[in-house]
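First comes the structure, then the notes that go with it.
Residue numbers (full-length UniProt numbering): 1 to 792.
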């Protein structure tokens, strides 16, 4: 036989009585049995054309029938099998048809084949055997298996919708097939959920599984291991120091505690300083006929402890004639009541001190208290607490008494000479750590009381408890002013006294140079277009400053100072477009969750970062996991561990204390709120006008949305008038009233305090005549109910 008669395919044209090559094959375990390719079909067509093309006569519109045989009964029984026929199109292209009872399949050959008459007629053709019973059974079994698989996967699709957490426990392959079915059968109904299908998966396959074949040799090294999240008990054991043991601290911070040994130090005749009793120092000046106390510490209890020890010294029983506040910080003013006897007729302060004291007591009282408790570690466990950076500890909590005595002698000018108790004191305005800072110069003794413009730590350009940025240029100028005095004794507000003109000058020069260096380099990089986060890592003190004992980062740090200076000039926006639309804490946590794959994946990444020493990133991931799943014991514990691990790495006592306090808050062991007792003390120490100044920032807009009225208050015992204007969600004070009052209220300050403190209801006060109301009582009640009277 010539090559043109050789079959291009191993299959042959079936003879009558057997299954056609175009009949759907029986199902079996072999997948290729029900996947015929286009090339196989073309081969069948060519084979048929070659064999039937030798027949004489026109085959058009004729069924091809087999010759008569002795097996006619078998032929009759196989009528269900299709029989091939051939016809020609108008273009001469042959078309092969499969004619049968069950189906009719038409296959058109795209390219016509030249027909040549074979020399020897129709040759014999091998046929395929009929499917055996075993193959038929295999078909039924395969079909049933497919149906079972289909129903199982359909069930899994429903399961994803109803219970995704249970779906999380299934093998990854089953999850993948289920995702495929969801994409096929629920493209619109489940489109949004499909994208987050594997958020709850415990583990994902390695990215190397999707790499090309060229990297297969190294794939075993890059594959992610199946990391299981340890149990809570295992985590507690692994990080024992951060869960049950002592949180370690850097050696320099530990050694710094010795700076605050408690004692009353005699600096020079008639000048004493109490160190180590509280966060700040208190200076006692012994005059000819009395005492002058400069700064009174953080509470009456701490100041009383100083005074008890002072009275044990010889010639110490003289009366206190005056108090001087160097600035408004609470650790310098809250203990005045311990020494403010009737003999005290003068309380001196700069005019800004009085204004800032009012702000501490009113506008920001709640947040100032909370953040101060964190920064100074008031509630930190004793075994974990080191110091407060500039003092041994802030001895103040929600049970301490606020013993502030308001200033009576206000300094308006930049310099003021005060003669009291036989002492000649020069008060100099020297803004630095605060805008209202004053230093006290005893020229005859060459003693300079430098307040907080210097302490044995890097200067704190910004306090993380929440302050305005300290103006670096003002601080530098004040230090130069202090240098010009050429003091021989330097007594500071948080550090042991310094002796010697040259030593004092050296410290003041290093201090002002460090501030200027940080300021100037921050501005330089800022003008080059760098973002604040980058500048914070770029600015480094030169070695001669970085190694100076008075410039160690126990209280302030260079990165914090850089951020403060940048914000001072540029405000909150870093210049980075990514910071223009910042996500909320919850949104960011959810996006981190989606990137990780699941809460467990997120926690595993946090754990890996902890073990690798990437503490900031570990805290970010652990906090995100805790935000999205607050009920998770693992997430809560990991966040606590990350907080304490960050605390252990902090040389700055303020940073350490903040991390440790935050961990206690997560544990539920610290609730930083002003107590009712503290609120009562605060209200008792401020004026009625200051009390009403709080009203606008405590207004609940939802309750005051429909209020549009004017309320006038008259307090007969103190002869004060207040006019409050409500206008659809805001309130403001203005006297005289902008219009006729809708409600006029007359009472006394004491009655009003009882109402504000909730010791008496407004209705009862009205009934007894202690609160006289002219106008709509309903409007008054609505106005009062729209204010958070018990806010921190």
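From the three backbone atoms N, C-alpha and C, an ideal C-beta is built for every residue, glycine too.
Everything numeric in this text was worked out from a predicted model, so none of it was measured.
How many Å lie between residue 608 and residue 566 at the Cα?
-> Here residue 608 is taken as the residue at index 608 of the chain shown, counted from 1. Here residue 566 is taken as the residue at index 566 of the chain shown, counted from 1. So the two alpha carbons sit approximately 34 Å from each other.
Verify whether the separation of the beta carbon atoms of residue 710 and residue 741 is less than 8 Å.
-> Position 710 of the chain shown, counting from 1, holds the residue named residue 710. Position 741 of the chain shown, counting from 1, holds the residue named residue 741. Annotated as proximal: residue 710 and residue 741, with beta-carbon spacing under 8 Å.
Do you know how far the Cα of residue 333 is from the Cα of residue 299?
-> Along the chain shown, read from residue 1 onward, the residue named residue 299 stands at position 299. Along the chain shown, read from residue 1 onward, the residue named residue 333 stands at position 333. Counting only the Cα atoms, residue 333 lies some 8 Å from residue 299.
So is residue 726 buried or exposed if we call it buried at 16+ other beta carbons inside 10 Å?
-> Working through the chain shown from its first residue, we reach residue 726 at position 726. It is buried - the Cβ of residue 726 has at least 16 other Cβ atoms within 10 Å.
Contact the segment 493-506 vs the segment 526-543: 3+ CB pairs below 8 Å = Counting Cβ pairs under 8 Å, fewer than three are found: no touch.
So, are the CB atoms of residue 784 and residue 762 less than 8 Å apart?
-> Translated into the one-based positions of the chain shown, residue 784 becomes position 784. Translated into the one-based positions of the chain shown, residue 762 becomes position 762. Yes, these two residues count as a Cβ contact at 8 Å.
For residue 555, the nearest candidate out of 155, 458, 724 (CA to CA) | The residue labelled residue 555 in the question sits at position 555 within the chain shown. Nearest to residue 555 by alpha-carbon distance, out of 155, 458, 724, is 458.
Mind checking if residue 732 is an interface residue toward chain D, Cβ cutoff 8 Å exclusive?
-> Reference to chain D is not applicable here, since this structure consists of a single protein chain.
Just tell me which of 294, 578, 142 has its CA closest to the CA of residue 340.
-> Counting from one through the chain shown, the residue named residue 340 turns up at place 340. Taking only the C-alpha atoms, the option nearest residue 340 is 294.
Residue nearest to residue 277 in terms of C-alpha spacing, selected from 254, 307, 250, 601 | Residue numbering aside, residue 277 sits at position 277 when the chain shown is read from its first letter. Closest by alpha carbon: 307.
Spatial distance of residue 501 from residue 268 (CA atoms) | The residue you call residue 501 lines up with position 501 of the chain shown. The residue you call residue 268 lines up with position 268 of the chain shown. One C-alpha to the other measures close to 14 Å.
At which residues does the beta strand (DSSP E) containing residue 713 begin and terminate?
-> Sequence index remark: in the chain shown, residue 713 carries index 713 (1-based). Residue range 708-715 is occupied by the beta strand (DSSP E) that includes residue 713.
Check the C-beta distance from residue 436 over to residue 353 and give it rounded, since I have them as a contact under 8 Å.
-> To locate residue 436, count along the chain shown from 1; it is residue 436. To locate residue 353, count along the chain shown from 1; it is residue 353. In this structure residue 436 touches residue 353 by the C-beta definition: roughly 4 Å separates them, less than 8 Å.
If you count every other CB in all the chains shown that lies within 10 Å of the CB of residue 408, and 16 or more means buried, which is it?
-> Within the chain shown, numbered from 1, the residue matching residue 408 stands at position 408. Result: exposed.
Return the chain-ordered list of same chain residues with a C-beta closer than 7 Å to the C-beta of residue 663, the five sequence neighbours on each side being excluded.
-> Translated into the one-based positions of the chain shown, residue 663 becomes position 663. Closer than 7 Å at Cβ, skipping near neighbours: 640, 643, 644.
Nearest to residue 525 by CA position, among 371, 574, 757, is which residue?
-> Along the chain shown, one-based indexing puts residue 525 at 525. With respect to the C-alpha of residue 525, the residue from 371, 574, 757 having the closest C-alpha is 574.
Using 7 Å as the cut-off, classify the Cβ of residue 778 as near or not near the heavy atoms of the ligand FAD, replying yes or no.
-> This structure simply doesn't include the ligand FAD, nor any ligand for that matter.
Taking residue 703 and residue 404 to be in contact with their CB atoms under 8 Å, please state how far apart those CB atoms are, rounded to whole angstroms.
-> Mapped onto the chain shown, residue 703 falls at position 703. Mapped onto the chain shown, residue 404 falls at position 404. Contact flag wrong, Cβ pair sits at about 33 Å.
Go to residue 551, then tell me how far its beta strand (DSSP E) extends in each direction, as first and last residue.
-> Looking up residue 551 in the chain shown gives position 551. No beta strand (DSSP E) holds residue 551; DSSP gives it neither H nor E.
Return the chain-ordered ranges of every beta strand (DSSP E) run that is complete within the segment 487-542 and spans a minimum of 3 residues.
-> Counting whole runs of 3 or more residues, the segment 487-542 contains the beta strand (DSSP E) stretches 489-492.
In whole angstroms, what separates the C-alpha of residue 658 from that of residue 665?
-> Position 658 of the chain shown holds residue 658. Position 665 of the chain shown holds residue 665. One C-alpha to the other measures close to 10 Å.
With 16 as the cutoff for other CB atoms within 10 Å, does residue 321 come out buried or exposed?
-> As a working mapping, residue 321 is identified with position 321 in the chain shown. By the C-beta density criterion, residue 321 is buried, having at least 16 other C-beta atoms within 10 angstroms.
Distance between residue 772 and residue 379 (C-alpha atoms, nearest Å) | Numbered from 1 along the chain shown, position 379 holds the residue referred to as residue 379. Numbered from 1 along the chain shown, position 772 holds the residue referred to as residue 772. Distance between the alpha carbons of residue 379 and residue 772: 45 Å.
Contacts around residue 722, its chain only, beta-carbon distance under 6 Å, and the 5 residues preceding and following it disregarded | As a working note, residue 722 is residue 722 in the chain shown. So the qualifying residues of the chain are 692, 713.
Opening and closing residue of the beta strand (DSSP E) in which residue 272 lies = For the purposes of this step, residue 272 is identified with residue 272 of the chain shown, where counting begins at 1. Where residue 272 is concerned, the enclosing beta strand (DSSP E) stretches over 271-275.
How is residue 603 classed by DSSP in three states: helix, strand or coil?
-> Taking the chain shown and counting its residues from 1, the one referred to as residue 603 is at position 603. In the structure shown, the three-state DSSP call for residue 603 is helix.
Cβ contact (3+ pairs, closer than 8 Å) linking the segment 665-684 and the segment 360-379 = For the pair of segments examined, the segment 665-684 was found to touch the segment 360-379: the number of CB pairs separated by less than 8 Å reaches three.
Check whether the Cβ atoms of residue 253 and residue 653 sit closer than 8 Å, and answer yes or no.
-> Taking the chain shown and counting its residues from 1, the one referred to as residue 253 is at position 253. Taking the chain shown and counting its residues from 1, the one referred to as residue 653 is at position 653. Closer than 8 Å, so yes.
Could you tell me if residue 343 is buried or exposed, where buried requires 16 or more neighbouring beta carbons within 10 angstroms of its beta carbon?
-> Within the chain shown, residue 343 is the residue found at index 343, counting from 1. Under this definition residue 343 is an exposed residue.
Count the C-beta pairs between the segment 746-761 and the segment 727-737 that are closer than 8 Å, then say yes if the count reaches three, no if not.
-> As far as the Cβ criterion goes, the segment 746-761 does not touch the segment 727-737, which means the pair count is below three.
What are the partner residues of residue 750, as DSSP defines its beta bridges?
-> Sequence index remark: in the chain shown, residue 750 carries index 750 (1-based). None; residue 750 has no bridge partner.
With DSSP run on the structure shown, which of helix, strand or coil describes residue 774?
-> Position 774 of the chain shown holds residue 774. For residue 774, the secondary structure class from DSSP, reduced to helix, strand or coil, is strand.
Secondary structure at residue 316, three-state DSSP: helix, strand or coil?
-> Locating residue 316 in the chain shown gives position 316, where the first residue counts as 1. In the structure shown, residue 316 falls within a coil segment according to DSSP collapsed to helix, strand and coil.
Determine the contact status of residue 434 and residue 568, defining contact as a CB-CB distance below 8 Å.
-> Translated into positions along the chain shown, residue 434 becomes position 434. Translated into positions along the chain shown, residue 568 becomes position 568. Annotated as distal: residue 434 and residue 568, with beta-carbon spacing of 8 Å or more.
By the 10 Å Cβ neighbour count, where 16 or more other Cβ atoms means buried, how is residue 519 classified, buried or exposed?
-> Taking the first residue of the chain shown as position 1, residue 519 is located at position 519. When all chains shown are included, residue 519 counts as buried.
Please list, in chain order, all residues of the same chain as residue 610 whose beta carbon is under 7 Å from its beta carbon, the five residues on each side excluded.
-> As a position in the chain shown, residue 610 is number 610, starting the count at 1. Here the set comprises 618, 641, 642, 645.
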